[in-house]
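If you're matching positions, the sequence shown starts at 10 in my numbering and goes up one per residue.
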Amino acid sequence: MDEQLQKQIKITNKLLQRNANLEYTNITLEVENEDLRAKVASLEMQVNANKDNENKEETK
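So, in structure tokens, the structure goes:
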């Protein structure tokens, strides 16, 4: 195998590894994003429940 082809294979392998690492990072960030969305939704429900309770107290 000539030297140029070996260099190209080495570069290709590095790029494939970098791509795999980026895909893993992307999946990790997507999971974290979904977790944060769920936490935000939970906090929004708590805020709404607190507002409802405050409104009930004010109307008494």
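Don't be surprised by glycine CBs; every beta carbon is placed ideally from N, CA and C.
So for residue i, helix, strand or coil by DSSP?
i     : result
Met54 : helix
Asp44 : helix
Asp61 : helix
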